[in-house]
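The structure appears below as structure tokens.
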Amino acid sequence: MTSFNHDVAEKLREIASLLEAQHANPFRSRAYLNAANTLDTLPGDVGELTQAEGIKGLTDLPAIGAGIARSIYEYAATGRMTRLQSLQGESDPVGLFQTIPTVGRELAQRIHDTLHIDTLEALENATRNGQLNKVEGLGRKRKEAIEAWLLKHLGEHRQQFRKTQQSGSNPDIALLLKVDSKYRERAEAGQLPLITPKRFNPENKAWLPILHTTHDHWHFTALYSNSERAHALNRVYDWVVIYFYDDHHQEGQHTVVTETHGPLYGKRVVRGREAECSEYYA
15 MTSFNHDVAE KLREIASLLE AQHANPFRSR AYLNAANTLD TLPGDVGELT
65 QAEGIKGLTD LPAIGAGIAR SIYEYAATGR MTRLQSLQGE SDPVGLFQTI
115 PTVGRELAQR IHDTLHIDTL EALENATRNG QLNKVEGLGR KRKEAIEAWL
165 LKHLGEHRQQ FRKTQQSGSN PDIALLLKVD SKYRERAEAG QLPLITPKRF
215 NPENKAWLPI LHTTHDHWHF TALYSNSERA HALNRVYDWV VIYFYDDHHQ
265 EGQHTVVTET HGPLYGKRVV RGREAECSEY YA
């Protein structure tokens, strides 16, 4: 087994361990363990396989479904695994965007704040919809460089992601707000497991509640935002990050916040889906 295979397998096992400790569906933790076992016995380097054959090459391996394949692909491309970071309370979209060449910290922060997106897939979708033009101070050459990098690393599963985001393969607003409400109520009542994030936790305390729940064919993980921005704006206990995947392992995430201006002032809204929230509350 190559060293890269070992690194990836260990991260998958860490995900499995966290899912088990956080009382998630046992099927989910077993899926990650089985994928790790596949990498243990893989004769070739999974990084080279990813580069040569992409997501399809990964899903052709035993016990590696689309969701886990995307996590492996992300790690090979960026050195990060968002799924693991989310379970650790370590989600850092600004740091993630900085893995793109030419994107520094200030630009990464502006992208996050302007577009309300948290993943590379969402950023790639934003470039195709022209939303990247809304980001102040982003010149044509840098915009083209970002688009080229995203095309190279995410092009293979662009259509899969767009289908997830633009068709029925996305939880509706009512369901997301239901999960948000359930999480906040149970967190305030002290009924959820607590995790110990490494970031913004100098006393190394277990303070961040995490919820795993299933509704219909959707599987959700919810937790307060432990991002630098949430801490700076004193919104840690207001912003709720919801990760989701369906029975076909199509994944995504949304952030739910209390709106601070406009016609939805004071209401819980899903960032990036404000128009749907307006219809929901009408």
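Our numbering numbers the first residue of the sequence shown as 15 and each following residue consecutively. Using N, Cα and C, we set each Cβ at its ideal position, and we do this for glycine too.
Rounded to whole angstroms, what's the CA-CA distance from residue i to residue j? Just pull it up for me.
| i | j | result |
| --- | --- | --- |
| Y294 | A188 | 7 Å |
| D74 | E158 | 33 Å |
| N248 | K281 | 18 Å |
| T113 | T133 | 12 Å |
| Q36 | R156 | 41 Å |
| E242 | L225 | 21 Å |
| L165 | P57 | 29 Å |
| R200 | I78 | 33 Å |
| G144 | G286 | 14 Å |
| D230 | E161 | 36 Å |
| L26 | H233 | 18 Å |
| K70 | T272 | 40 Å |
| S17 | V250 | 37 Å |
| G118 | A90 | 21 Å |
| L278 | K148 | 22 Å |
| E28 | A296 | 43 Å |
| W221 | P211 | 8 Å |
| P185 | A83 | 22 Å |
| S85 | A122 | 21 Å |
| T178 | S31 | At T178 the pLDDT is 42, less than 50, meaning the model places this residue with poor confidence and gives no usable figure here. |
| Q180 | I131 | Low confidence applies here, because Q180 scores a pLDDT of 46, under 50, leaving its location unreliable; read the following figure in that light. Approximately 15 Å, taken between the alpha carbons. |
| K219 | T52 | 35 Å |
| S43 | A50 | 11 Å |
| N215 | L63 | 37 Å |
| R154 | E135 | 20 Å |
| R94 | A244 | 21 Å |
| L72 | H20 | 16 Å |
| V283 | E217 | 32 Å |
| D54 | G61 | 14 Å |
| R142 | S292 | 25 Å |
| E202 | T274 | 22 Å |
| N240 | E120 | 19 Å |
| A289 | D59 | 45 Å |
| A140 | D106 | 19 Å |
| Q174 | G276 | Note that Q174 scores a pLDDT of 48, beneath 50, so its modelled location is shaky and nothing firm can be said. |
Could you pull the DSSP bridge partners for residue i from this structure?
| i | result |
| --- | --- |
| P223 | L208 |
| H229 | W232 |
For residue i, which of the options has the nearest alpha-carbon?
| i | options | result |
| --- | --- | --- |
| W163 | R213, L137, Q36, K212 | L137 |
| V22 | V149, T92, Y238 | T92 |
| G68 | P76, A77, E88 | E88 |
| T235 | K196, Q123, H245, M95 | K196 |
| D127 | R142, F111, P76 | F111 |
| F258 | G71, L101, T16 | L101 |
| T116 | S85, G151, A90, Q99 | G151 |
| R213 | R42, G109, G103, Y279 | G103 |
| L48 | P76, E62, D59 | It should be pointed out that residue 48 corresponds to Asn in this sequence rather than to Leu. It is P76. |
| V255 | A122, Y238, A45, L129 | Y238 |
| L191 | L63, A80, Q99, V270 | V270 |
| L129 | E62, L146, G81, A220 | L146 |
| Q65 | H167, R42, E120 | H167 |
| H267 | R142, G81, A122, W221 | Inspection of the sequence shows that residue 267 is occupied by Gln rather than by His. Of the candidates R142, G81, A122, W221, the one whose C-alpha sits nearest the C-alpha of Q267 is G81. |
| E24 | D252, Y46, L33 | Y46 |
| P223 | D194, E62, H275 | D194 |
| D260 | T228, D54, T274, H275 | T228 |
| L33 | A246, D59, L98 | L98 |
| R124 | V108, E135, N139 | V108 |
| T96 | F41, E265, R142 | E265 |
| D252 | D59, R198, E288 | R198 |
Tell me whether residue i counts as near the ligand SAM, meaning its Cβ is closer than 8 Å to at least one heavy atom of that ligand.
| i | result |
| --- | --- |
| L168 | The ligand SAM is not part of this structure, which contains no ligands at all. |
* To do: Jot down the residue ranges of each uninterrupted beta strand (DSSP E) in the segment 232–292, minimum 3 residues, whole runs only, in chain order.
  => Listed in chain order, the complete beta strand (DSSP E) runs (minimum 3 residues) inside the segment 232–292 are 232–238, 254–260, 265–272, 282–284.
* Validate contact between the segment 199–209 and the segment 33–49 using beta carbons, cut 8 Å, 3 pairs -> Touching, per the Cβ criterion.
* Mind listing, in chain order, the continuous alpha helix (DSSP H) runs of no fewer than 4 residues lying wholly within the segment 101–186? => Secondary structure remark: continuous alpha helix (DSSP H) runs of at least 4 residues inside the segment 101–186, in chain order: 107–111, 119–129, 134–142, 154–168, 172–180.
* Asked: Taking the runs of the alpha helix (DSSP H) that are 4 residues or longer, which of them lie wholly in the segment 55–79?
  -> For the segment 55–79, whole alpha helix (DSSP H) runs of length 4 or above, ordered along the chain, are 60–73.
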